[in-house]
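Protein chains in written order, with our numbering: chain Y, 1113 to 1282; chain R, 1113 to 1282.
2 protein chains.
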Amino acid sequence: MRWEEIDGQVCSIARALAIFGDRWTLLIIRDAFRRVRRFSDFQKSLGITRHRLSDRLSRLVEYGILEKRLYDAKRARYEYRLTEKGLDLYPVLMSVVNWGDKWACDGDGSPVVFRHLACGQPTHPKMVCDVCDEPIDAREIRPEVGPGVLKKIARGDDEIKGYETGNSQA
Amino acid sequence: MRWEEIDGQVCSIARALAIFGDRWTLLIIRDAFRRVRRFSDFQKSLGITRHRLSDRLSRLVEYGILEKRLYDAKRARYEYRLTEKGLDLYPVLMSVVNWGDKWACDGDGSPVVFRHLACGQPTHPKMVCDVCDEPIDAREIRPEVGPGVLKKIARGDDEIKGYETGNSQA
DNA sequence: CATCATCGGTTCTAATATGGAACCCTGAAG
DNA sequence: CTTCAGGGTTCCATATTAGAACCGATGATG
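Structure, rendered in structure tokens:
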């Protein structure tokens, strides 16, 4: 299967990764959260080629994750800013940071720590159940068929691809 | 910069993405959480070419995210299972699912819903501060220089790459 | 006014990664 | 024997990427 067909799958992970699952996109988004906004700043910060960057930024604008905002009308200069859709990726970045700090660091500890302004403390965001507030453990979660599949079956859609429920146990 | 050099950055996101930030790896891990374990099952489920799959699986074993476990000694057949390091990626997958359900779905709703066995309810895992338990919002988090950078400065390491703190505001 | 630098790109070419298909080896099963 | 399944590897054509050069507008410098 070609990568471009991956977003046809009935799977939110596949569809999300079709947008930002390539090698540079999530790093561009990381930079956007660090308030990098201009083409040349992204380029300096990432070391990505201008060509790739140009392409990735326009894709992110297309998908509504970044928006171009004029900051110098005379020279037609734009900056790229996160939209709501983009800001919503924060938990994704945060969970990657958490994992990276734990499993992919060099022994010196976290390069960056995060202070939660609401409570004033350094924080290590964690994922909890929104019903009982207990921390999530893969072994305690059971995936079940959801409406996104049930409705398709009810309509008689053939070819529901990329769908298979299983337990989350390893 | 070449992609392989990205993991030299002093950034947990860059180092994590150096491991699973390519087009197929996270989907392979997703399948592993769905209890897919054998080569041919990964291949059928993903539609990835055997060649790619073979390569990605060995990388994941190298990185300690999957382990090969013998299940048929006579024919030297192995299955691939998540290690602790791999199981720890659950929050990453979960936050991608959450985002995908909200922003990349086709109108039919979530293809998969998750039941939290501990409380018995369908759950939408959320990210909260581990100090005050309030939900995390990008605008309420301020990144600060952490030990992973301070120690390098103290040692006088030159070339601390890919490091720049900024606010998380967009 | 001529020259240079900056920003935000685009165009080129060579190297690298990927998809698709065919092939290989081992050990059952018929 | 012959065939099949599992788990790969090899080969080639195509797609993607890195690196460098080029471009056009504007503004600062001398």
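Glycine residues also receive a C-beta, built at the ideal position from the N, C-alpha and C atoms. Everything numeric in this text was worked out from a predicted model, so none of it was measured.
Inset, instruction - Please name the residue, chosen from Y:Ala1230, Y:Ile1160, Y:Pro1223, Y:Ile1131, that lies closest to leucine 1178 (chain Y) on a Cα-to-Cα basis. - result: Residue Y:Ile1131 is the option with its Cα nearest to leucine 1178 (chain Y).
Legend entry - In DSSP terms, what glutamate 1179 (chain R) is bridged to: For glutamate 1179 (chain R), which the question treats as bridged, DSSP gives the partners R:Arg1193.
Legend entry - Beta-carbon spacing of aspartate 1200 (chain R), lysine 1214 (chain Y) below 8 Å: In this structure, the beta-carbon distance from aspartate 1200 (chain R) to lysine 1214 (chain Y) falls below 8 Å.
Legend entry - Within 8 Å, strictly: CB atoms of proline 1237 (chain R) and valine 1225 (chain R): Going by beta carbons, proline 1237 (chain R) and valine 1225 (chain R) fall outside the 8 Å limit.
Inset, instruction - Give me the Cβ distance between valine 1122 (chain Y) and glycine 1260 (chain Y), rounded to the nearest whole Å; I'm assuming they're in contact under 8 Å. - result: Correct: roughly 6 Å between the Cβ atoms.
Inset, instruction - Compare the C-beta of glutamine 1152 (chain Y) against all C-beta atoms of chain R and say whether one is closer than 8 Å. - result: Position check: residue 1152 (chain Y) holds serine in this sequence, whereas glutamine was assumed. No - not a single Cβ of chain R is within 8 Å of the one on serine 1152 (chain Y).
Inset, instruction - Evaluate alanine 1126 (chain R) with the Cβ neighbour count: other Cβ atoms within 10 Å of its Cβ, from every protein chain shown; 16 or more gives buried, anything less gives exposed. - result: Of the other Cβ atoms in all chains shown, 16 or more fall within 10 Å of the Cβ of alanine 1126 (chain R); this residue is therefore buried.
Inset, instruction - Just the chain Y side, please: which residues come within less than 7 Å of serine 1124 (chain R) by C-beta, in chain order? - result: The answer, in chain order, is Val1209, Gly1212, Asp1213, Ala1216, Cys1217, Ser1222, Pro1223.
Legend entry - threonine 1137 (chain Y) - containing alpha helix (DSSP H), residue span: 1137-1145 is the extent of the alpha helix (DSSP H) around threonine 1137 (chain Y).
Legend entry - Short CB-CB distance (under 8 Å) between valine 1173 (chain Y) and chain R: Judged by the 8 Å Cβ criterion, valine 1173 (chain Y) is not in contact with chain R.
Inset, instruction - Per DSSP, which residues does phenylalanine 1226 (chain R) bridge with? Please list them. - result: Bridge partners of phenylalanine 1226 (chain R): Y:Pro1255, R:Thr1235.
Inset, instruction - Give a yes or no on whether 8 Å exceeds the smallest Cβ distance from glutamate 1252 (chain Y) to chain R. - result: Yes, contact with chain R.
Inset, instruction - Mind checking which residues open and close the alpha helix (DSSP H) that includes glycine 1133 (chain Y)? - result: Taken as a continuous stretch (DSSP letters only), glycine 1133 (chain Y) belongs to no alpha helix (DSSP H), as it is neither H nor E.
Legend entry - 8 Å Cβ cut-off: residues of chain Y touching glutamine 1155 (chain R): Under the 8 Å cutoff, chain Y gives no residues; its nearest Cβ is about 10 Å from glutamine 1155 (chain R).
Legend entry - Beta-carbon proximity check, glycine 1198 (chain Y) vs isoleucine 1141 (chain Y), cutoff 8 Å: Result yes, Cβ atoms of glycine 1198 (chain Y) and isoleucine 1141 (chain Y) sit closer than 8 Å.
Legend entry - Members of the segment 1126-1138 of chain R that neighbour chain Y once the beta carbon cut-off is set at 7 Å: Hits within the stretch, in order: Ala1126, Arg1127, Ala1128, Leu1129, Ile1131, Gly1133, Asp1134, Arg1135, Leu1138.
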